[in-house]
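Each residue of the sequence shown is one higher than the last, beginning at 4 in my numbering. Built from N, CA and C at the ideal position, the CB exists for glycine as well.
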Amino acid sequence: MMMKIYSFTIILCAAFLFAACTSETPDTSDASPEVSEQVSPDQSGIRETEQPDRIMEMLKARGEQDQATPELVVEMPTEGSVIESSTVRVKVKVEGELKGLTMGKDDNGMGNHVHVILDNQPYAAHYNWDEGFELRNVTDGEHTLRMFPSRPWHQSYKNEGAFRMIRFTVRGGGADESKPTTDDKGNTMAEAKAKTEPAEGVEVEESNAGEVDPVKPLLTYSRPKGEYKGEEASAIMVDFWLLNAKLTGDGGEYRIRCTINEDEPFLIEKWAPLWLAGWKSGKNTVKLELIDASGNLVENGGYNSTSRDITVSP
4 MMMKIYSFTI
14 ILCAAFLFAA
24 CTSETPDTSD
34 ASPEVSEQVS
44 PDQSGIRETE
54 QPDRIMEMLK
64 ARGEQDQATP
74 ELVVEMPTEG
84 SVIESSTVRV
94 KVKVEGELKG
104 LTMGKDDNGM
114 GNHVHVILDN
124 QPYAAHYNWD
134 EGFELRNVTD
144 GEHTLRMFPS
154 RPWHQSYKNE
164 GAFRMIRFTV
174 RGGGADESKP
184 TTDDKGNTMA
194 EAKAKTEPAE
204 GVEVEESNAG
214 EVDPVKPLLT
224 YSRPKGEYKG
234 EEASAIMVDF
244 WLLNAKLTGD
254 GGEYRIRCTI
264 NEDEPFLIEK
274 WAPLWLAGWK
284 SGKNTVKLEL
294 IDASGNLVEN
304 GGYNSTSRDI
314 TVSP
């Protein structure tokens, strides 16, 4: 599979080149793309590179798991539920054609997991799905959860049924957790929380849901995230989830505009993981935007333009 990266400036100035370059046969598989020539590399030295050997070795060891088509089932919170606690309990299970895929960490602290995204915050990785997951200090108001299964190196599964979005409301977040979770009609959706050992979970930042339309094109930023050291810093993956839209290289009309450290943007035209090398040491800022055929941002609750800061320590 080939993924072309095009200079944003060149594409705006030469539409006929864009038409010629996007005439490939669509390919929507989730394999890592081959290396393609980059037109007019940006000054920072960022360039497309091959999938690292360490990832190739992991793929070999996983057997058929990489061909699995996991389907995510969200047990809680439920759509439209009202939660009278600042702690939101998330419970999911994974069904579908799993081909041996299981969730959980191995001895190295890695494993298949689910990316849990509150509103448009960075994801939290949920490994122990039998035990549930907690989002703590969630502010009052309306919220969205976006979730999808991911591989040990955080590459998302992109099959139909893997992505789920749930909308819920936190009301009276300081309330007693002995109260049950209810829906908007007052029906009990989950019993009061028993006193147990703390579940897997994270403290979250203050945020609220955007005005997201679930039937419009929606971009969900996934990677890169956090800190990259040593071998991991040599090639860093860009990955995202795309709902209700196809990119031009897959037979659609949309593109992802990627900007790194405010340098010249480039375009991603296939929905597949992209490995990049040449990152500067220290803080790097990555911005992903979903744009239409005219190069305009596609609005949907503010989620289609997302920036993340990462730290690189070669």
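Every alpha helix (DSSP H) stretch that sits fully inside the segment 213 to 297 and reaches 4 residues is listed by chain position as 234 to 237.
Straight-line measurement puts the Cα of residue 115 at about 18 Å from the Cα of residue 229.
Shown here, residue 167 sits in a strand according to DSSP, grouped into three states. In the displayed model, residue 94 falls within a strand according to three-state DSSP.
Within the model, the alpha-carbon separation for residue 129 versus residue 204 is close to 8 Å. Only residues of its own chain outside the window of five on either side were considered, and among them 142 have a CB closer than 7 Å to the CB of residue 209, listed in chain order. Taking a contact as a CB-CB distance under 8 Å, the pair residue 61 and residue 156 counts as one, their CB atoms being some 7 Å apart. Residue 223 sits buried, since 16 or more C-beta atoms from the chains shown fall within 10 Å of its C-beta. At the C-beta level, residue 237 and residue 55 come within 8 Å of one another. Assignment of residue 53 by DSSP, reduced to helix, strand and coil, places it in the coil class.
Listed as beta-bridge partners of residue 204 by DSSP are 137. Between residue 174 and residue 87, the CB-CB gap stays under 8 Å. Measuring C-alpha to C-alpha distances from residue 96 to each of 235, 77, 112 identifies 77 as the nearest. Residue pairing for residue 148: DSSP places it in a beta bridge opposite 121, 169.
When DSSP states are grouped into helix, strand and coil, residue 66 belongs to the helix group. For residue 315, the enclosing beta strand (DSSP E) covers residues 308 to 316. With distances taken between CA atoms, residue 140 lies nearest to 207 out of 217, 207, 53.
Under DSSP, residue 129 takes part in a beta bridge, and its partners are 117. Residue 282 holds the alpha-carbon nearest to the alpha-carbon of residue 317 among 282, 288, 291.
The alpha-carbon of residue 146 is positioned some 12 Å away from that of residue 304.
Residue 73: member of the beta strand (DSSP E) spanning 72 to 79, first to last residue. With a cut-off of 8 Å on Cβ pairs, the segment 261 to 269 is not in contact with the segment 212 to 227, counting fewer than three such pairs. For residue 103, DSSP records no beta bridge to any residue. Checking the DSSP bridge columns, you'll see residue 159 partnered with 153. Burial state of residue 273 is buried, judged by a 10 Å Cβ sphere holding 16 or more other Cβ atoms.
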